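Chains as they are written, first to last, in this note's numbering: chain A, 273 to 427; chain B, 2 to 296. Worksheet: one structure, shown below.
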């Protein structure tokens, strides 16, 4: 093999390796943005209920029901495409997903399912008065915390 | 030549330890301290327990609900000095603190000394609890003794040389035990109450304040944020120039775990909020007021 042939093969291999390395990075950017959007929609709707629960906004059964319905709907989103390998906190600076997610995927998904259970409970209670909504919002907050405790970097 | 030098240096160091051990009183708690204490008030003891965050380190890893009252120990702290393991402080007479006297308990909480008179590692935040009212510590003693006993043996710390030489902590304590309150500027009455909760009980500074070379928190950068002790990232600053939330927003966050934009707390703070949510609303308000008045 001549030097130039060897060089060409090597550069082709290098280019191929780079392409493989870069492709998932682009794909991951999409996934990171999608899941962060999902959490922002959750925060917006929890904010409607949380402000009522804190007493900074007056309780409104219809508004509370919409927010709770939205949370329940989000909780049903299958997370299959939101958490690709290689999309942990090292992949993007605004990203605080700990590598432990990919080491304990069953537990991670169980915690998402626990959010679903709590959100379903909230959906049933949100329109039934302030106290009923407050009581059902607690477990939703707890499910946020349970996952963030284990799988989200502090800052 | 070198062997002789090393030998004499070791002997001198050993002699130094013996001297210090002889000079430091075996129990820093005097009869007059004990004489003024009333019988433990368990209700107040429970409040001190949650404000002090005892369960966060001394309950089993991942314990939830009632299991957080079984103080079997186990939380690991990986540091540059090695790994510390929170011990069993349940009421078990053998594995826990069931056989400790109240004076021994106060000596540990406020002077960092084990029942054998030897110093305890400051991974146990006695530099904070030292500032607490001895009656609160007595009430806490009563409350801890009322909790379930668990026979699991504590795990030994796994430290590197020379930090594994426990008597060396006499020197550390001589340097850092008498630090007092970090915030000495004038504060409102409510913020003074908050200072007691933050500095003496909840020991927020252990994570939110950077540390010096020997692991003591730096009072010059009090609550100004620090590297995350248990992983990557940073623990955020709490001073008013950085934490711009209103007093009510801070107090609400300590109760429901939501930031003003309804993002949720992450990392170890989740567990801290589980404790804070058990406190009375005016306690959380006092903490928030103290943070708003930080220099």
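Yeah, the Cβ is synthetic: ideal placement off N, Cα and C, and Gly gets one too. These numbers were taken from a predicted model, which means no experiment stands behind them.
Endpoints, the beta strand (DSSP E) within which residue i is located
i: residue 78/B; result: 77 to 80
i: residue 83/B; result: 83 to 86
For residue i, the first and last residue of its enclosing alpha helix (DSSP H)
i: residue 128/B; result: 127 to 130
i: residue 392/A; result: 377 to 397
i: residue 44/B; result: 43 to 53
i: residue 271/B; result: 270 to 277
i: residue 368/A; result: It is not in any alpha helix (DSSP H) - residue 368/A carries neither H nor E in the DSSP assignment.
i: residue 280/B; result: It is not in any alpha helix (DSSP H) - residue 280/B carries neither H nor E in the DSSP assignment.
i: residue 34/B; result: 32 to 36
i: residue 260/A; result: Coverage of chain A is limited to positions 273 through 427, which leaves residue 260/A absent and any answer about it impossible.
i: residue 342/A; result: 333 to 347
Pairwise C-alpha distance: residue j and residue i
i: residue 349/A; j: residue 309/A; result: 13 angstroms
i: residue 149/B; j: residue 73/B; result: 10 angstroms
i: residue 375/A; j: residue 139/B; result: 43 angstroms
i: residue 1/B; j: residue 29/B; result: Any property of residue 1/B remains undetermined from this structure, which presents chain B solely from 2 to 296.
i: residue 288/B; j: residue 45/B; result: 18 angstroms
i: residue 95/B; j: residue 152/B; result: 7 angstroms
i: residue 281/B; j: residue 191/B; result: 14 angstroms
i: residue 219/B; j: residue 7/B; result: 34 angstroms
i: residue 344/A; j: residue 259/B; result: 19 angstroms
i: residue 354/A; j: residue 321/A; result: 26 angstroms
i: residue 271/B; j: residue 421/A; result: 6 angstroms
i: residue 289/A; j: residue 358/A; result: Legend: pLDDT at residue 289/A = 47, less than 50; position of this residue unreliable, value from coordinates given subsequently. Going from the Cα of residue 289/A to the Cα of residue 358/A covers about 16 angstroms.
i: residue 62/B; j: residue 75/B; result: 6 angstroms
i: residue 114/B; j: residue 51/B; result: 23 angstroms
i: residue 405/A; j: residue 248/B; result: 24 angstroms
i: residue 408/A; j: residue 164/B; result: 49 angstroms
i: residue 291/A; j: residue 305/A; result: Annotation note: pLDDT 45 at residue 291/A (below 50); position unreliable, coordinate value reported separately. Going by the C-alpha atoms only, they are around 22 angstroms apart.
i: residue 426/A; j: residue 86/B; result: 22 angstroms
i: residue 410/A; j: residue 402/A; result: 13 angstroms
i: residue 378/A; j: residue 368/A; result: 19 angstroms
i: residue 266/B; j: residue 186/B; result: 30 angstroms
i: residue 255/B; j: residue 35/B; result: 34 angstroms
i: residue 174/B; j: residue 214/B; result: 14 angstroms
i: residue 208/B; j: residue 334/A; result: 42 angstroms
i: residue 326/A; j: residue 303/A; result: 33 angstroms
i: residue 392/A; j: residue 418/A; result: 17 angstroms
i: residue 316/A; j: residue 263/B; result: 7 angstroms
i: residue 257/B; j: residue 279/B; result: 11 angstroms
i: residue 269/B; j: residue 42/B; result: 29 angstroms
i: residue 11/B; j: residue 382/A; result: 56 angstroms
i: residue 261/B; j: residue 364/A; result: 24 angstroms
For residue j and residue i, believed in contact at Cβ under 8 angstroms, the rounded distance
i: residue 84/B; j: residue 158/B; result: 7 angstroms
i: residue 199/B; j: residue 296/B; result: Not confirmed; about 14 angstroms, so no contact.
i: residue 69/B; j: residue 60/B; result: 4 angstroms
i: residue 119/B; j: residue 109/B; result: About 11 angstroms separates the two Cβ atoms, so there is no contact after all.
i: residue 238/B; j: residue 225/B; result: 5 angstroms
i: residue 347/A; j: residue 388/A; result: 4 angstroms
i: residue 386/A; j: residue 415/A; result: 5 angstroms
i: residue 1/B; j: residue 188/B; result: Outside the shown range of chain B, which is 2 to 296, sits residue 1/B, and nothing can be said about it.
i: residue 291/B; j: residue 195/B; result: 3 angstroms
i: residue 177/B; j: residue 217/B; result: 4 angstroms
At 4 residues or longer, and completely inside the stretch 176 to 256 of chain B: list those alpha helix (DSSP H) runs for me, N to C.
190 to 196 and 206 to 209
Segments assigned alpha helix (DSSP H), at least 4 residues, entirely inside the stretch 98 to 169 of chain B:
103 to 112, 127 to 130 and 135 to 147
Any residues in the stretch 224 to 248 of chain B with a beta carbon nearer than 7 angstroms to a beta carbon of chain A? Which ones, in chain order?
229, 232, 233, 234, 235, 236 and 237
In chain order, what residues of the stretch 342 to 369 of chain A put their CB closer than 8 angstroms to some CB of chain B?
361 and 368
Taking Cβ-Cβ distances below 8 angstroms as the criterion, which residues of the stretch 261 to 293 of chain B are in contact with chain A?
262, 263, 264, 265, 266, 267, 268, 269, 270, 271, 272, 274 and 275
Taking only beta carbons into account, state which residues of the stretch 405 to 421 of chain A come closer than 7 angstroms to chain B, listed in chain order.
413, 416, 417, 420 and 421
Using a beta-carbon distance cut-off of less than 7 angstroms, what residues from the stretch 301 to 324 of chain A approach chain B?
315, 318, 319 and 322
Scan the stretch 153 to 169 of chain B for residues whose Cβ lies nearer than 7 angstroms to a Cβ of chain A and list them as they occur along the chain.
none
Which residues of the stretch 371 to 398 of chain A have a Cβ closer than 9 angstroms to any Cβ of chain B? Give them in chain order.
none
Return the residues of the stretch 116 to 150 of chain B that lie within a Cβ-Cβ distance of less than 8 angstroms from chain A, sorted by chain order.
none
Taking beta-carbon pairs under 9 angstroms, can you tell me which members of the stretch 64 to 97 of chain B lie near chain A?
65
Listed in chain order, which residues of the stretch 45 to 59 of chain B have Cβ atoms closer than 9 angstroms to some Cβ of chain A?
none
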